[in-house]
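Asker: Below is a structure I'd like to ask you about.
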Amino acid sequence: MKLSTEISTGLKKFTNALNDEQFELLLKNLSLSFENPSASLDLPPNVAGADVLKKAYAALFTLIVEGVRWKEDGSIIRNILKDCKLSESRATDILNLLDKQRIPLQISLKQTNFNFPHVLDVTWKMNYIVKSSYSDIDGKALYFIDFIVAKQNWTDEGCKFVTETVNIVCTVNHLQSLVAALRAASRKLIAIGDAAK
Amino acid sequence: MQRKKRLMIQDFCRLAWDYIAKGVNPKLYGSASEKLGISPQDLQHIVEGLVSLMIESCKLKLSSEKFVENLKSLEFNEGHIEVLNNFYTAKQVDINHSLLAASIRLPMYKDLEWRAQVQLGSRAFPDQMTPKVLLNLKLENTEKENLILQTDPGNLLHITKVLENALEEATSQHASRVHRRFNPS
Numbered sequence: 348m349k350l351s352t353e354i355s356t357g358l359k360k361f362t363n364a365l366n367d368e369q370f371e372l373l374l375k376n377l378s379l380s381f382e383n384p385s386a387s388l389d390l391p392p393n394v395a396g397a398d399v400l401k402k403a404y405a406a407l408f409t410l411i412v413e414g415v416r417w418k419e420d421g422s423i424i425r426n427i428l429k430d431c432k433l434s435e436s437r438a439t440d441i442l443n444l445l446d447k448q449r450i451p452l453q454i455s456l457k458q459t460n461f462n463f464p465h466v467l468d469v470t471w472k473m474n475y476i477v478k479s480s481y482s483d484i485d486g487k488a489l490y491f492i493d494f495i496v497a498k499q500n501w502t503d504e505g506c507k508f509v510t511e512t513v514n515i516v517c518t519v520n521h522l523q524s525l526v527a528a529l530r531a532a533s534r535k536l537i538a539i540g541d542a543a544k
Numbered sequence: 015m016q017r018k019k020r021l022m023i024q025d026f027c028r029l030a031w032d033y034i035a036k037g038v039n040p041k042l043y044g045s046a047s048e049k050l051g052i053s054p055q056d057l058q059h060i061v062e063g064l065v066s067l068m069i070e071s072c073k074l075k076l077s078s079e080k081f082v083e084n085l086k087s088l089e090f091n092e093g094h095i096e097v098l099n100n101f102y103t104a105k106q107v108d109i110n111h112s113l114l115a116a117s118i119r120l121p122m123y124k125d126l127e128w129r130a131q132v133q134l135g136s137r138a139f140p141d142q143m144t145p146k147v148l149l150n151l152k153l154e155n156t157e158k159e160n161l162i163l164q165t166d167p168g169n170l171l172h173i174t175k176v177l178e179n180a181l182e183e184a185t186s187q188h189a190s191r192v193h194r195r196f197n198p199s
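For the protein sequence lines, the chains are A and B, in the order given. Positions 348 to 544 (the working numbering) are the ones given, in order, by the first sequence. Positions 15 to 199 (the working numbering) are the ones given, in order, by the second sequence.
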């Protein structure tokens, strides 16, 4: 993992310049930003050292995101922080935050891309056609299948996921063909999984 | 001469299938009528007549023998009957499917293609190993005839299980009872 000069300087110069209260406020803001990507740095009005806080926030935010991006373990991050002359206790606080956010950030980074609607679940109902204007389906079952999908929705505030349903209708024969195709895909994935063990 | 006429009937059948599958296409009649040496209007009437014959025969679920019998009563010659019967038997399933799809416009399932793949990296997350399954749902009666979805292995197994259960319900006692109730014969 390579950090730019600006980020290294930010870590060295500004993070060390913060008092304990400012450092705590910084960690709180970082935590909020990771939990809600559309949230921006929220500082109380007339807070002392706002400019330093902003630069330290940018440096730490980048360090944590890059650490997760490149799957760096805690010891490497601790060494970087040590090189930047951060105290042991502050380094521990930053590493705790990184550990807490590692999985959600990984998921978020994986999804920061184009994705097709993701199938999460499926519901179905079966209707029996008693009589219709087209006689070939009379006395047969018709399935109404709803795929529940998570769809990316890009807005000014970033990417959000919304759930939608994709509706399809099929006969019993068609459902047999659909299930056969899904079974074939499942079997192939299970075989790949078994081979990788 | 006979062979030429048989080829003409085959062309009419092809146009009739195009009509059933995709709807009327006047441009097609313009170019085809020149080739067949008849007016576009006559060609359209012939195709519409053929479409009507095929659809009504499918609706009545006529067997091949019965279909041939009807054509004989309409005084078609042997050669034409053979071509029309071949077309009817080859397209019966497809015509039935088109009729079902057109009866009440619902997004009808046609086919599913799938692809198992692994996402190895992206700009935001360079080093990863994320298994994904791409599903191409082919549909009829909808604006999007190809609907591409994705899922992960866990959800794929889940939806397969749910739809297997759905399929089992078609042969359940309850479904059989309802079927018998409305079809006593």
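We treat Cβ as the ideally placed atom computed from N, Cα and C, and that holds for glycine.
Do A:L529 and B:I173 come within 9 angstroms of each other at the CB atom, strictly closer than that value?
Answerer: yes
Asker: Output the distance between the C-alpha atoms of B:P40 and B:L148, rounded to the nearest integer angstrom.
Answerer: 38 angstroms
Asker: With B:T185 as the anchor, note down where its beta strand (DSSP E) starts and where it stops.
Answerer: Taken as a continuous stretch (DSSP letters only), B:T185 belongs to no beta strand (DSSP E), as it is neither H nor E.
Asker: Sort A:V394, A:I537, A:R437, A:L390 by Cα distance to A:L407 and report the nearest one.
Answerer: If you compare the alpha carbons of A:V394, A:I537, A:R437, A:L390 with that of A:L407, the shortest gap goes to A:R437.
Asker: What does a CB cutoff of less than 6 angstroms around B:Y102 pick up in its chain, not counting 5 residues either side in sequence?
Answerer: F81
Asker: With DSSP as the reference, label A:R530 as helix, strand or coil.
Answerer: Helix.
Asker: My output table needs one value for A:I321: the three-state DSSP class, helix, strand or coil.
Answerer: Examination of residue 321 of chain A is not possible in this model, given that chain A is present from 348 through 544 alone.
Asker: Let me make sure I understand the geometry here. Which of A:K457, A:A497, A:G357, A:N474 has the alpha-carbon closest to that of A:V415?
Answerer: A:K457
Asker: Smallest Cα separation from A:K498: which of A:L489, A:V509, A:K375?
Answerer: A:V509
Asker: For A:S479 and chain B, any beta-carbon pair shorter than 9 angstroms?
Answerer: yes
Asker: What is the rounded straight-line gap between the Cα of B:T165 and the Cα of A:V519?
Answerer: When rounded, the distance between both Cα atoms is 24 angstroms.
Asker: Along the beta strand (DSSP E) that carries B:E127, what are the first and last residues, could you check?
Answerer: 122-133
Asker: According to a CB-to-CB cut-off of less than 8 angstroms, which residues of the region 503-520 of chain A neighbour chain B?
Answerer: Here the close residues are V513, N514, I515, V516, C517, T518, V519.
Asker: Any beta carbon from chain B within less than 9 angstroms of A:S524's own beta carbon?
Answerer: Yes - at least one Cβ of chain B is within 9 angstroms of the one on A:S524.
Asker: Three-state secondary structure (DSSP) at A:A386?
Answerer: coil
Asker: Of all the beta strand (DSSP E) runs that stay within the bounds of the region 452-525 of chain A, which reach a length of 3 or more residues?
Answerer: 465-475, 488-502, 505-518
Asker: What's the gap between the Cα of B:C27 and the Cα of B:L64?
Answerer: 7 angstroms
Asker: I'd like to check one pair, B:D25 with B:L50: are the Cβ atoms closer than 9 angstroms?
Answerer: Yes. Within cutoff.
Asker: Starting from the beta carbon of B:N202, find every residue of chain A whose beta carbon is closer than 7 angstroms, and list them in chain order.
Answerer: Outside the modelled stretch of chain B, which goes from 15 to 199, sits residue 202 of chain B, for which no answer is possible.
Asker: My guess is that B:L120 and A:V516 are in contact by the Cβ rule of under 8 angstroms, so how many angstroms apart are they, rounded?
Answerer: Contact holds; Cβ gap of about 4 angstroms.
Asker: Does DSSP put B:E157 in a helix, a strand or coil?
Answerer: Look at B:E157 here: in three-state DSSP terms it is coil, with no helix or strand label.
Asker: Let's test the definition: count the other Cβ atoms within 10 Å of the Cβ of B:K86 and tell me whether it reaches 16, buried, or not, exposed.
Answerer: exposed
Asker: Any idea if B:G44 is buried or exposed, counting beta-carbon neighbours within 10 angstroms, 16 or more meaning buried?
Answerer: exposed
Asker: Quick one, are the C-beta atoms of A:I495 and A:D468 less than 9 angstroms apart?
Answerer: yes
Asker: Which residues of chain A have a Cβ atom closer than 8 angstroms to the Cβ of B:V147, listed in chain order?
Answerer: Neighbours of B:V147 across chain A, judged by C-beta separation under 8 angstroms: A532, L536.
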